[in-house]
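Start counting at 1 in the sequence shown, then tack on 440, and there's your number in the numbering used here.
Beta carbons: idealized from backbone N, C-alpha and C, even for Gly.
As the structure is a prediction and not an experimental result, all values here were calculated from the model.
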Amino acid sequence: MERSGEIGLALISGDRSIGAGVRRIELRAGAAAERQVSDDEQVLHELGEALRTAPAELPSRVAALQAEVKRLEKEAASLRQRLAAGGDVRLEEADVSGVRLMLQRVDADEKDLLVFADAALNRANGNGVAIVVGGRNFAVKVASPLAERLPANDLIQAFRQVAGGKGGGRGPVGQGGGIDPERVGDAFKSVQDYIRTQLKAHR
Numbered sequence: 441m442e443r444s445g446e447i448g449l450a451l452i453s454g455d456r457s458i459g460a461g462v463r464r465i466e467l468r469a470g471a472a473a474e475r476q477v478s479d480d481e482q483v484l485h486e487l488g489e490a491l492r493t494a495p496a497e498l499p500s501r502v503a504a505l506q507a508e509v510k511r512l513e514k515e516a517a518s519l520r521q522r523l524a525a526g527g528d529v530r531l532e533e534a535d536v537s538g539v540r541l542m543l544q545r546v547d548a549d550e551k552d553l554l555v556f557a558d559a560a561l562n563r564a565n566g567n568g569v570a571i572v573v574g575g576r577n578f579a580v581k582v583a584s585p586l587a588e589r590l591p592a593n594d595l596i597q598a599f600r601q602v603a604g605g606k607g608g609g610r611g612p613v614g615q616g617g618g619i620d621p622e623r624v625g626d627a628f629k630s631v632q633d634y635i636r637t638q639l640k641a642h643r
């Protein structure tokens with residue numbers, strides 16, 4: 441090589457100290473550098489597709505996502521504090537053929553209802569069903585050992601047949617909305633009846 445210009449495309453891949461006041465610059469040049477550029481462009485393209493953002497706007501998009509994560513972390517911390525303090529929670533319980541069925545009425549957003557359901561099941565020692573109602577929304581969570589006999593979706597249908605609204609679930613978890621809050625008590629009794637019937641059929 442007679443001239444440095446013959447190197448073509450060159451990318452700095454690193455540098456390190458090799459002595460007092462002396463650093464070694466490491467380059468990726470020629471075909472290797474071109475492959476690196478191509479790989480980087482592919483990564484940017486995939487990130488843009490995943491975030492539905494133009495590559496040039498990725499830094500601002502990532503910054504916005506980081507801010508959203510921080511906001512959600514604060515909300516989660518606040519919710520955990522409310523759960524620990526037991527604030528804004530009204531609890532009813534029923535023993536249905538040995539299953540602990542819990543109904544909680546809470547002052548919380550729809551997205552937080554399953555968090556309350558998880559906390560309720562933690563108190564049931566793996567043998568419970570939690571229904572959490574917040575306004576016109578509700579969530580159902582079934583302890584894993586019971587989920588095969590008492591699928592959340594079936595419990596939701598028993599609940600909404602009385603309380604109205606829509607909803608569904610899969611396995612041990614489900615959610616719904618549009619219910620009549622005035623009919624929640626009767627809907628709770630409907631779920632009790634369903635559980636008794638189901639457990640009797642599976643004996």
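Neighbour-count burial assignment, residue i, 16 or more Cβ in a 10 Å radius
| i | result |
| --- | --- |
| A494 | exposed |
| L512 | exposed |
| G568 | buried |
| A503 | exposed |
| N577 | buried |
| P499 | exposed |
| I596 | buried |
| V462 | exposed |
| D552 | buried |
| A490 | exposed |
| V546 | buried |
| Q601 | exposed |
Alpha-carbon to alpha-carbon, residue j and residue i
| i | j | result |
| --- | --- | --- |
| Q544 | V483 | 46 angstroms |
| G448 | A471 | 9 angstroms |
| A570 | G605 | 18 angstroms |
| V573 | A548 | 9 angstroms |
| V660 | R468 | Since the first residue of the chain shown is 441 and the last is 643, residue 660 is not available in this structure. |
| K629 | A603 | 11 angstroms |
| E515 | R623 | 30 angstroms |
| S518 | D479 | 42 angstroms |
| I619 | L487 | 40 angstroms |
| E481 | R464 | 27 angstroms |
| A460 | L554 | 60 angstroms |
| P591 | R501 | 39 angstroms |
| L561 | A507 | 31 angstroms |
| G608 | A579 | 9 angstroms |
| A627 | H485 | 50 angstroms |
| V613 | V539 | 17 angstroms |
| E550 | G617 | 9 angstroms |
| E474 | A496 | 20 angstroms |
Cutoff 6 angstroms; reference residue i; Cβ partners in own chain excluding five residues on either side
| i | result |
| --- | --- |
| E466 | S453, G454 |
| S537 | R636, L639 |
| G611 | A587 |
| V631 | L595, A598, F599 |
Same chain, Cβ closer than 7 angstroms to residue i, five either side skipped, listed in chain order
| i | result |
| --- | --- |
| D693 | Past the edges of the chain, shown from 441 to 643, lies residue 693, and the structure says nothing about it. |
| K534 | The sequence as given places Ala at residue 534; Lys does not occur at that position. Answer for A534: L541, Q632, listed in chain order. |
Residues near residue i in its chain [Cβ-Cβ closer than 8 angstroms; skip 5 each side]
| i | result |
| --- | --- |
| D633 | A598 |
| P585 | G566, N567 |
key: beta strand (DSSP E) runs wholly inside the segment 444 to 475, at least 3 long, in chain order   = Listed in chain order, they are 450 to 459, 462 to 469.
task = Quick one: which unbroken alpha helix (DSSP H) runs of 4-plus residues sit fully inside the segment 486 to 538? Chain order, please.
result = List check, alpha helix (DSSP H) in window: 498 to 525.
inquiry  = Give the list of continuous beta strand (DSSP E) stretches no shorter than 3 residues that lie fully inside the segment 545 to 601.
reply    = Listed in chain order, they are 568 to 574, 577 to 582.
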